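Okay, structure first, notes after.
Numbering (our numbering), first residue to last: 203 to 352.
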(Lines of atoms letter the chains of each structure in order from A and count residues from 1; the text may use other names and numbers.)
(Lines give C-alpha, C1' and ligand atoms only; values in the text may rest on other atoms or scores of the structure.)
Protein backbone atom coordinates (compact mmCIF):
# COMPACT_ATOMS: atom_id res chain seq x y z
CA UNK A 1 0.00 0.00 0.00
CA UNK A 2 1.43 3.37 -1.08
CA UNK A 3 0.33 5.29 2.02
CA UNK A 4 2.04 2.91 4.45
CA UNK A 5 5.19 2.99 2.32
CA UNK A 6 5.13 6.79 2.40
CA UNK A 7 4.55 6.79 6.18
CA UNK A 8 7.40 4.36 6.68
CA UNK A 9 9.69 6.50 4.52
CA UNK A 10 8.69 9.68 6.41
CA UNK A 11 9.30 7.99 9.76
CA UNK A 12 12.68 6.74 8.57
CA UNK A 13 13.60 10.25 7.41
CA UNK A 14 12.48 11.73 10.73
CA UNK A 15 14.59 9.18 12.63
CA UNK A 16 17.59 10.08 10.49
CA UNK A 17 17.02 13.80 11.13
CA UNK A 18 16.74 13.10 14.86
CA UNK A 19 20.00 11.12 14.83
CA UNK A 20 21.76 13.97 13.00
CA UNK A 21 20.32 16.50 15.48
CA UNK A 22 21.56 14.44 18.45
CA UNK A 23 25.02 14.04 16.93
CA UNK A 24 25.30 17.71 15.92
CA UNK A 25 24.22 18.92 19.38
CA UNK A 26 25.82 16.23 21.55
CA UNK A 27 28.18 18.74 23.17
CA UNK A 28 25.28 20.29 25.11
CA UNK A 29 22.35 17.91 24.54
CA UNK A 30 23.72 14.84 26.33
CA UNK A 31 24.57 16.76 29.50
CA UNK A 32 21.31 18.74 29.41
CA UNK A 33 19.26 15.56 29.08
CA UNK A 34 21.03 13.80 31.95
CA UNK A 35 20.92 16.92 34.12
CA UNK A 36 17.17 17.20 33.49
CA UNK A 37 16.58 13.57 34.44
CA UNK A 38 18.70 13.73 37.57
CA UNK A 39 17.24 17.09 38.67
CA UNK A 40 13.73 15.69 38.38
CA UNK A 41 14.43 12.33 40.00
CA UNK A 42 12.66 11.53 43.27
CA UNK A 43 15.96 11.46 45.17
CA UNK A 44 17.39 14.73 43.85
CA UNK A 45 14.40 16.91 43.02
CA UNK A 46 14.68 20.28 44.74
CA UNK A 47 18.42 19.97 45.36
CA UNK A 48 21.05 22.05 43.62
CA UNK A 49 23.56 19.88 41.75
CA UNK A 50 26.34 20.80 44.19
CA UNK A 51 24.25 19.14 46.92
CA UNK A 52 23.91 15.87 44.98
CA UNK A 53 25.89 12.78 46.03
CA UNK A 54 29.56 13.39 45.25
CA UNK A 55 29.73 10.82 42.43
CA UNK A 56 26.90 12.60 40.58
CA UNK A 57 28.03 16.09 41.55
CA UNK A 58 31.50 15.39 40.21
CA UNK A 59 30.27 13.39 37.20
CA UNK A 60 32.17 10.21 38.07
CA UNK A 61 32.26 8.05 34.90
CA UNK A 62 30.65 5.00 36.53
CA UNK A 63 27.84 7.12 38.02
CA UNK A 64 27.26 8.75 34.62
CA UNK A 65 27.06 5.34 32.88
CA UNK A 66 24.68 3.99 35.52
CA UNK A 67 22.48 7.09 35.27
CA UNK A 68 22.41 6.96 31.48
CA UNK A 69 21.30 3.34 31.68
CA UNK A 70 18.69 4.01 34.38
CA UNK A 71 17.20 6.96 32.48
CA UNK A 72 17.56 5.63 28.93
CA UNK A 73 13.91 6.28 27.97
CA UNK A 74 13.72 9.66 29.72
CA UNK A 75 16.94 10.81 28.03
CA UNK A 76 15.52 9.89 24.65
CA UNK A 77 12.28 11.73 25.43
CA UNK A 78 14.15 14.89 26.49
CA UNK A 79 16.25 14.82 23.33
CA UNK A 80 13.17 14.26 21.17
CA UNK A 81 11.44 17.25 22.78
CA UNK A 82 14.49 19.41 22.00
CA UNK A 83 14.50 18.12 18.42
CA UNK A 84 10.83 18.90 17.83
CA UNK A 85 11.12 22.26 19.58
CA UNK A 86 13.97 23.28 17.27
CA UNK A 87 11.97 22.20 14.20
CA UNK A 88 8.93 24.18 15.34
CA UNK A 89 11.00 27.20 16.37
CA UNK A 90 12.75 27.33 13.00
CA UNK A 91 9.39 27.07 11.20
CA UNK A 92 7.86 29.89 13.28
CA UNK A 93 10.95 32.02 12.77
CA UNK A 94 10.95 31.44 9.00
CA UNK A 95 7.23 32.22 8.85
CA UNK A 96 7.71 35.48 10.77
CA UNK A 97 10.79 36.51 8.79
CA UNK A 98 8.99 35.87 5.49
CA UNK A 99 6.43 38.43 6.63
CA UNK A 100 8.99 41.02 7.71
CA UNK A 101 8.61 40.24 11.39
CA UNK A 102 11.72 40.01 13.55
CA UNK A 103 11.58 37.96 16.72
CA UNK A 104 13.72 39.44 19.46
CA UNK A 105 14.68 37.62 22.64
CA UNK A 106 16.34 38.55 25.89
CA UNK A 107 19.42 36.62 26.96
CA UNK A 108 20.71 36.54 30.51
CA UNK A 109 24.17 37.93 31.12
CA UNK A 110 25.20 34.95 33.25
CA UNK A 111 24.53 31.23 33.24
CA UNK A 112 22.44 30.00 36.16
CA UNK A 113 24.48 28.12 38.76
CA UNK A 114 22.05 25.19 38.94
CA UNK A 115 22.27 24.38 35.25
CA UNK A 116 23.54 21.66 32.96
CA UNK A 117 26.04 24.12 31.51
CA UNK A 118 27.77 24.72 34.83
CA UNK A 119 27.45 21.10 36.03
CA UNK A 120 29.00 19.72 32.84
CA UNK A 121 31.64 22.44 32.36
CA UNK A 122 32.89 23.30 35.83
CA UNK A 123 36.30 24.25 34.49
CA UNK A 124 34.76 27.23 32.67
CA UNK A 125 33.41 28.81 35.86
CA UNK A 126 34.86 30.22 39.09
CA UNK A 127 33.63 27.50 41.46
CA UNK A 128 34.87 26.08 44.73
CA UNK A 129 35.63 22.37 45.17
CA UNK A 130 31.97 21.63 45.87
CA UNK A 131 30.80 23.39 42.71
CA UNK A 132 29.41 26.52 44.35
CA UNK A 133 30.08 29.90 42.73
CA UNK A 134 32.97 31.75 44.32
CA UNK A 135 31.59 35.11 43.20
CA UNK A 136 28.20 36.56 42.33
CA UNK A 137 27.34 39.54 40.21
CA UNK A 138 24.42 41.86 40.38
CA UNK A 139 23.25 45.42 40.47
CA UNK A 140 23.78 47.58 43.56
CA UNK A 141 20.87 49.39 45.22
CA UNK A 142 19.57 52.38 43.27
CA UNK A 143 16.44 54.51 42.83
CA UNK A 144 14.61 51.56 41.26
CA UNK A 145 15.55 48.91 43.82
CA UNK A 146 16.52 49.65 47.42
CA UNK A 147 18.09 46.22 47.82
CA UNK A 148 19.69 45.87 44.38
CA UNK A 149 19.45 42.76 42.23
CA UNK A 150 21.35 39.48 42.29
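Using N, Cα and C, we set each Cβ at its ideal position, and we do this for glycine too.
Quantities reported herein were computed from a predicted structural model and do not represent experimental measurements.
Quiz item: CA-CA distance, residue 227 and residue 209?
Solution: One C-alpha to the other measures close to 27 Å.
Quiz item: Does the Cβ-Cβ distance between residue 230 and residue 332 come in under 8 Å?
Solution: Not closer than 8 Å, so no.
Self-check item: At least 3 beta-carbon pairs within less than 8 Å: the stretch 277-288 vs the stretch 229-246
Solution: In short, these stretches touch, since the Cβ pair count reaches three.
Quiz item: residue 334 lies in the alpha helix (DSSP H); which residues open and close that run?
Solution: Unbroken run through residue 334: none, as it is neither H nor E.
Quiz prompt | DSSP state of residue 313 mapped onto helix, strand, coil | solution = In the structure shown, residue 313 sits in coil (DSSP, three-state: anything other than H, G, I, E or B).
Self-check item: Validate contact between the stretch 312-320 and the stretch 328-344 using beta carbons, cut 8 Å, 3 pairs
Solution: At 8 Å Cβ cutoff, the stretches touch.
Self-check item: Cα-Cα separation between residue 288 and residue 240, rounded to whole angstroms
Solution: In a straight line, the C-alpha of residue 288 is about 23 Å away from that of residue 240.
Quiz item: How many angstroms separate the CA atom of residue 307 from the CA atom of residue 292?
Solution: Computed Cα separation, rounded: 14 Å.
Quiz item: Going straight from the alpha carbon of residue 259 to that of residue 249, what length do you get?
Solution: If I take the Cα positions, the gap works out to 11 Å.
Quiz item: Using DSSP with H/G/I as helix, E/B as strand and the rest coil, what is residue 351?
Solution: Strand at residue 351.
Quiz prompt | residue 297: first and last residue of the uninterrupted alpha helix (DSSP H) it sits in | solution = That run of the alpha helix (DSSP H) goes 274-300.
Quiz item: How would you call residue 281, buried or exposed, if buried means at least 16 neighbouring beta carbons within 10 angstroms?
Solution: By the Cβ neighbour-count rule, residue 281 is buried, with 16 or more other Cβ atoms within 10 Å of its own.
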